[in-house]
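Just so we're aligned: the sequence shown equals residues 30 to 203 in the numbering used here.
C-beta: ideal position from N, C-alpha, C; glycine also.
Because the structure is a prediction, the values reported are computed rather than measured.
Working notes, structure below.
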Amino acid sequence: MPGRPGRLFLVAIPVDDHFAIRFPLALLANVWLSTGLAFQTGFVAAVKTGDGLTAALHTPIWVRSHFEESRAFLLYHRDDFAHGNWPQDLKDRVVRQGRLVDAAYKRLARDTFGGVGANELRLARFVLADAPKAAVGPYLRQGVPPPVIVDEMIETTFHAIVRKFGTVAKRRSS
Numbered sequence: 030m031p032g033r034p035g036r037l038f039l040v041a042i043p044v045d046d047h048f049a050i051r052f053p054l055a056l057l058a059n060v061w062l063s064t065g066l067a068f069q070t071g072f073v074a075a076v077k078t079g080d081g082l083t084a085a086l087h088t089p090i091w092v093r094s095h096f097e098e099s100r101a102f103l104l105y106h107r108d109d110f111a112h113g114n115w116p117q118d119l120k121d122r123v124v125r126q127g128r129l130v131d132a133a134y135k136r137l138a139r140d141t142f143g144g145v146g147a148n149e150l151r152l153a154r155f156v157l158a159d160a161p162k163a164a165v166g167p168y169l170r171q172g173v174p175p176p177v178i179v180d181e182m183i184e185t186t187f188h189a190i191v192r193k194f195g196t197v198a199k200r201r202s203s
């Protein structure tokens with residue numbers, strides 16, 4: 030299922046070993062965008078309240094409660110739909126959605142890591158998106174919900190990164 034879908038006219042979503050559903054790729058892009066907006070509501074809200082851990086844990090929790098939608102959403106990236114032969118309206122909506130997520134990364138970077146430089150943004154993106162997506166990705170590809178231990182893995186990673194690079198750690202080393 031994953032790949033760079035930009036030039037295809039149809040996409041086939043496997044249902045089982047013998048059957049796949051085929052539909053226009055523009056439909057996949059629109060499903061991805063509406064699912065992304067639904068996902069980011071809880072994610073962005075958690076960051077706005079200053080709760081980065083809840084934002085990071087939003088991924089596995091949301092995946093379990095929206096399993097089918099999450100497969101299409103988390104196995105692609107916004108860049109797959111922001112570039113290529115897509116209608117301009119779709120590209121514009123994907124870019125707007127991306128700005129909201131980027132603003133959440135900046136907020137966590139500033140609040141937790143003490144700035145919005147390249148390294149602070151990398152850390153924020155890692156704890157909020159990269160690590161949670163990496164943790165749930167294998168289960169999505171296997172077609173099974175992630176087990177609860179995934180939440181503990183994400184939480185442990187979040188705390189380790191914040192402990193090492195967070196503003197409290199920076200003050201201690203100064």
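message = Suppose the cutoff is 6 Å on Cβ atoms and the five residues either side in sequence are ignored; what does the same chain contact list for Ala-84 look like?
response = Phe-72, Ala-75, Val-76, Leu-157
inquiry  = Between Ile-183 and Ala-164, how many whole angstroms is the CB-CB distance? I'm expecting something under 8 Å.
reply    = 5 Å
inquiry  = Could you tell me which whole alpha helix (DSSP H) segments of length 4 or greater appear in the stretch 84 to 152?
reply    = 96 to 103, 107 to 111, 117 to 142
Top-ranked residue by Cα proximity to Ala-55, from Thr-78, Val-123, Leu-152, Val-177 = The residue with the shortest Cα to Cα distance from Ala-55 is Val-123.
query = Could you give the C-beta distance for Val-155 and Gly-195, rounded to a whole number, given that I count them as a contact under 8 Å?
reply = The sequence as given places Phe at residue 155; Val does not occur at that position. Wrong, their Cβ atoms sit about 13 Å apart, outside the cutoff.
query = By Cβ distance below 6 Å, which residues in the same chain neighbour Ala-153 in space, the five residues on each side in sequence not counted?
reply = Tyr-134, Leu-137, Ala-138
inquiry  = Less than 6 Å between C-beta atoms, sequence neighbours within five positions excluded: which residues of the same chain meet that for Arg-100?
reply    = If you ignore the 5 residues before and after Arg-100, its C-beta comes within less than 6 Å of the C-beta of Leu-169, all in its own chain and listed in chain order.
ask   = So what does DSSP say about Pro-176, is it helix, strand or coil?
value = In this structure, Pro-176 counts as coil in the three-state DSSP scheme.
key: Exposure of Gln-69, with buried meaning 16 or more beta-carbon neighbours within 10 Å   = buried
task = Assign Val-20 to buried or exposed, taking buried as 16 or more other Cβ atoms, counted over all protein chains shown, within 10 Å of its Cβ.
result = With the chain represented from 30 up to 203, any question about residue 20 goes unanswered, as that position is not in the structure.
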